[in-house]
Every structure is written in structure tokens, then in C-alpha cells.
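*Asks:* Let me give you the structure first, and then I'll get to my questions.
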Amino acid sequence: MKNILVTGGSGFIGANFIHYVLGETDFSGRIINVDVLTYAGNPENLQSIEKDFPERYIFENADICDLEKLRLIAEKYDVDTICHFAAESHVDRSIVSPGAFIQTNVIGTFNLLEIARERQDGLKLFHHVSTDEVFGSLGDEGFFTETTSYKPNSPYSASKASSDHLVRAYYKTYGIPVTISNCSNNYGPFQFPEKLIPLMVLNAQARKPLPVYGDGSNVRDWLYVRDHCVAIWAIMNRGRHGETYNVGGDNEMKNLEVVREICRCLDEILPADGGAPREELITFVKDRPGHDWRYAIDFSKINQELGWRPAESFTTGIRKTIEWYLENDQWVSRVKSGEYQQWMKEQYGEQ
Ligand code: NAD
Ligand code: TYD
Numbered sequence: 422m423k424n425i426l427v428t429g430g431s432g433f434i435g436a437n438f439i440h441y442v443l444g445e446t447d448f449s450g451r452i453i454n455v456d457v458l459t460y461a462g463n464p465e466n467l468q469s470i471e472k473d474f475p476e477r478y479i480f481e482n483a484d485i486c487d488l489e490k491l492r493l494i495a496e497k498y499d500v501d502t503i504c505h506f507a508a509e510s511h512v513d514r515s516i517v518s519p520g521a522f523i524q525t526n527v528i529g530t531f532n533l534l535e536i537a538r539e540r541q542d543g544l545k546l547f548h549h550v551s552t553d554e555v556f557g558s559l560g561d562e563g564f565f566t567e568t569t570s571y572k573p574n575s576p577y578s579a580s581k582a583s584s585d586h587l588v589r590a591y592y593k594t595y596g597i598p599v600t601i602s603n604c605s606n607n608y609g610p611f612q613f614p615e616k617l618i619p620l621m622v623l624n625a626q627a628r629k630p631l632p633v634y635g636d637g638s639n640v641r642d643w644l645y646v647r648d649h650c651v652a653i654w655a656i657m658n659r660g661r662h663g664e665t666y667n668v669g670g671d672n673e674m675k676n677l678e679v680v681r682e683i684c685r686c687l688d689e690i691l692p693a694d695g696g697a698p699r700e701e702l703i704t705f706v707k708d709r710p711g712h713d714w715r716y717a718i719d720f721s722k723i724n725q726e727l728g729w730r731p732a733e734s735f736t737t738g739i740r741k742t743i744e745w746y747l748e749n750d751q752w753v754s755r756v757k758s759g760e761y762q763q764w765m766k767e768q769y770g771e772q
């Protein structure tokens, strides 16, 4: 791998991945980040990378729905590997406006696969970053494995399932070298504060209500984002083509437990005036329509084949995450105020 086209590198996981690959591995090639900078894409996440790796990090402001532009970028940088993160990623938004999810997650992935097909001769790998939500919802028992049948329930998970099927079809039909990872819920630095963990951290810090859907008994498996990046890099380097790998945190928790743990941790770091526990801020709100009950991952395949397992426990990972959000209050206020959209226009011009 010499020239890796990373899509969605300005978002949460993509930015962490670029920091990991350029900052912590022995990769010596270039990363070309293709990102259209939606509300969730923030070039500030990669400001230190732009400074530290001016020759090896390239940003291209482009929409993956624009096939012609993708073709020009792939030619210009002689792209030999694609790692595909770009997506509309928030379930609640997909319930309100599913259209963008179909465009980016389905059509965008199709376009990238077409680029891979056109460049098949020199292509080393197309890695597709996906979610465990494609498998639908579990009851109280059991785990998703790589052979669990697909049963997506939200427009988001249905669009990701469609993209997984296209990737698999391009392997079977055209022999494109592909790998797919299906990962559980991530948390950590740079996550946009619409997702459960950063939303609760910031609301609890500001002593605002903590909106828990339903009775808070839904279960998610949580993985610290750096562990996900390590897993993706292991698959890209040593995974078998045509295979899918489940990636999980070995860390199932009810939403209510997650929120309580955040409150406890914040109370310890930043004790409240008069000692009022932040748990008092928890507010039960109307449930999400079609809310999946439980996700849990069996990651024994990646563990046995590639020796991967999560390094971080929830206790250590959530503390690091909370500390990151407290230390990066300027990032938070810019993201929340939309100031970074202005900053972005100044850097990259009107889109
Ligand atoms: P995110 O919403 O934080 O970032 C998505 C990025 O994609 C943003 O930078 C955005 O600007 C970019 N983007 C969106 N539409 C685009 C388009 N049409 N063209 C170019 N760029 C576009 O998402 P994330 O949480 O970092 O997720 C990254 C990937 O990982 C997604 O494919 C998601 O399905 C998958 N995933 C996420 C999680 C999770 O917990 N966040 C878990 C498993 C898998
Ligand atoms: P989320 O971070 O949106 O991830 P996903 O829906 O992809 O799992 O939500 C995680 C869980 O937290 C999910 O069960 C919904 C719940 N949730 C709340 O209870 N309150 C909230 O404000 C949000 C955003 C999520």
C-alpha cells in the first residue's frame, strides 16, 4: 500500500484512523482524505496531521457521490488502496431524513467500487468500514457472528447493509480484493456530540438534562475508537480478501449504566458545587421508533486470525474520553456553534 484513499477522514473514526496510521504505524506512504465536510466532517480534527505530515497527508474536498471527481482524484494520486469510512452515520437523523443515507451510503459506495473496478490492475485492497447494526437486533441472549443473517431495522442500517452487499458482490463478480469490518458502537475523541456518549458528557458537564430513550434498558457494546482503528489496520494488512470481520469491545452495557458511569466519572473529576450528583439530571424521554434492543459481538474470528482484541476497558476508555472533551473545550464550542463551518469556508472556500 503506497497511496491510500481514505473517505470520510474528517469525521470521528476516519480522523482517529489517520492519526493512528500516520502517527503510530510503520506505514510510509501517503493518505489522501476525500471528504465533503458535512456537518459531521471537521478539518480541525486533522490540523496537527496537516502540519506534521505535509508530504504524506493530502485533503481533497469531494463528494463520493461525484464519480467523475473521484476518478480524477484516484488518477492524480495513483491510488492503490481504498479505506471507506464516509457515511451518514446517525440513526436518529436517518429516521427523519433517510434520503442522504441512500445517496452517500449506497450510491457513494457504489461509485467507489466502480473506481476500484477501473483501477483493478494495481489495486491492493478496498476496505469497507461497516457496522454491527446490519444484523438487526438481538434478544437477551446470543452474539452477532460473521454468519448472522442481515436484518437491518433503521434506514441507516439498511443503507449500510446495502453497501456491504455491493462490496461483497464486487468481490464475487469482479474479483476486487475487498475486506469488510462490522463494528459495534465506538466512543472517544472527535465524536460529534449528537451520539450518546459525547452528548451525555457535554450535557452532564453543563448540568443540562440527560435524555435517555425509553427506560434506558437497551444494550450496546462499546469500543474505544483507537481499538477500532487498530483492528481496521490489522485487517487491511493481514485480513483475507473476500472476508468480513466482526469487531467488538467485549463491553455490553445498558444505556442507563453508560450514562450513570459518565455521571460518576465526571463527579469525580469535576465535583459539583454542594456535591449534587449528576445522575439527578437523567430524564427519560420518548423512545426511538424501531429502537434495536441489544447488540453484542462475537469477535473470535479477528482474535484467532489476526490476534486482535480490544486494549481498552470501558472504565479506562470513558475516563480518557471525558478528559479529552474537558481539555478540548474550544473544539467543542466551535463544533456546537457551527463556527467550524465558517472556519472551513475560510480555509477551503464556499462549497
Ligand atoms: P461521522 O458521521 O463522524 O463521519 C462521517 C464522515 O464522512 C464526515 O467527515 C463526513 O463529512 C463524511 N461524509 C459524509 N458524506 C459524505 C460524502 N457524500 N462524500 C464525502 N464525505 C462524506 O461517522 P463515524 O462515526 O466516523 O463513522 C465512520 C464509518 O464507520 C461509517 O461508515 C459508519 O457507518 C461506520 N461505523 C461507525 C460506528 C460508530 O459507532 N460511530 C460504528 C461502526 C461503524
Ligand atoms: P447512538 O449513539 O445514537 O448509537 P446507535 O443508535 O447507532 O446505537 O445511541 C446509542 C444508544 O443510546 C441507543 O440505544 C440510543 C440511545 N440514546 C439515548 O438514550 N439518548 C440519546 O440522546 C441518544 C443520542 C441515544
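All residue numbers for the sequence shown refer to the working numbering, where the first residue is 422 and numbers rise by one. Beta carbons are placed, not taken as given, at the ideal position from N, Cα and C, and that holds for glycine.
By the 10 Å Cβ neighbour count, where 16 or more other Cβ atoms means buried, how is Glu554 classified, buried or exposed?
*Replies:* Glu554 should be labelled buried.
*Asks:* By how many angstroms is the C-alpha of Leu426 removed from the C-alpha of Lys497?
*Replies:* So the two alpha carbons sit approximately 11 Å from each other.
*Asks:* Leaving out five residues on either side along the sequence, give the residues of the same chain with a beta carbon under 7 Å from the beta carbon of Asn574.
*Replies:* Only Gly557, Ser558, Gly711 and Asp713 meet the Cβ criterion.
*Asks:* Within 10 Å of its beta-carbon, does Ala590 have 16 or more other beta-carbons around it, so buried, or fewer, so exposed?
*Replies:* Exposed, since its Cβ has fewer than 16 Cβ neighbours within 10 Å.
*Asks:* Identify, in the order they occur along the chain, each residue of the same chain with its Cβ nearer than 8 Å to the Cβ of His662, setting aside the five sequence neighbours on each side.
*Replies:* Once the five neighbours on either side are set aside, the close Cβ partners of His662 are Leu546, Tyr592, Pro598, Val599 and Thr600.
*Asks:* For Ile503, tell me which candidate among Ala582, Tyr571 and Ile653 has the shortest Cα-Cα distance.
*Replies:* Answer by Cα proximity: Ile653.
*Asks:* Rank His505, Val517 and Arg514 by C-alpha distance to the C-alpha of Ile536 and give the top, closest one.
*Replies:* For Ile536, the nearest C-alpha among the options comes from His505.
*Asks:* Is Thr600 near the ligand NAD, with its Cβ less than 7 Å from a heavy atom?
*Replies:* Thr600: no, Cβ never under 7 Å from the ligand NAD.
*Asks:* What does the alpha-carbon distance come out to for the pair Val455 and Lys616?
*Replies:* Computed Cα separation, rounded: 23 Å.
*Asks:* Let me check understanding here. Comparing Cα to Cα, which of Ile690, Arg492, His549 and Ile743 lies closest to Tyr645?
*Replies:* Ranking Ile690, Arg492, His549 and Ile743 by Cα distance to Tyr645 puts Ile743 first.
*Asks:* Would you mind stating whether Ile739 and Tyr666 have Cβ atoms separated by less than 8 Å?
*Replies:* Against a cut-off of 8 Å, the Cβ pair of Tyr666 and Ile739 comes out as no contact.
*Asks:* Beta-carbon of Leu467 versus every beta-carbon of chain D: anything under 8 Å?
*Replies:* Among the chains of the structure shown, chain D does not appear; only one protein chain is present.
*Asks:* Just grab the DSSP bridge partners of Ser758 for me.
*Replies:* DSSP, once it has assigned bridges, lists no residue as partnering Ser758.
*Asks:* Secondary structure at His712, three-state DSSP: helix, strand or coil?
*Replies:* Note: His712 maps to coil in three-state DSSP.
*Asks:* Identify the residues that DSSP records as bridge partners of Tyr608: which are they?
*Replies:* Answer by DSSP bridge pairing, in chain order: Tyr645.
*Asks:* If you draw a straight line from the C-alpha of Leu620 to the C-alpha of Pro614, how long is it?
*Replies:* In a straight line, the C-alpha of Leu620 is about 5 Å away from that of Pro614.
*Asks:* Quick one: what does DSSP say Asn424 is sitting in, helix, strand or coil?
*Replies:* Reduced to three states, the DSSP call for Asn424 is strand.
*Asks:* Find the nearest neighbour of Pro464 within the set Asn437, Arg681 and Ile485, judged by alpha-carbon distance.
*Replies:* Among Asn437, Arg681 and Ile485, the Cα nearest to that of Pro464 is on Asn437.
*Asks:* Please identify the residue among Thr569, Gly432 and Pro519 whose C-alpha is closest to the C-alpha of Asn482.
*Replies:* Measuring from the Cα of Asn482, the nearest candidate turns out to be Gly432.
*Asks:* Taking the alpha-carbon positions, what's the Gly637 to Leu677 distance?
*Replies:* Their Cα atoms are separated by approximately 5 Å.
*Asks:* Less than 8 Å separating the beta-carbons of Tyr478 and Val622?
*Replies:* The answer is no: Cβ separation not under 8 Å.
*Asks:* Could you check whether the Cβ of Val555 sits closer than 7 Å to any heavy atom belonging to the ligand TYD?
*Replies:* Incorrect: Val555 has no Cβ contact closer than 7 Å to the ligand TYD.
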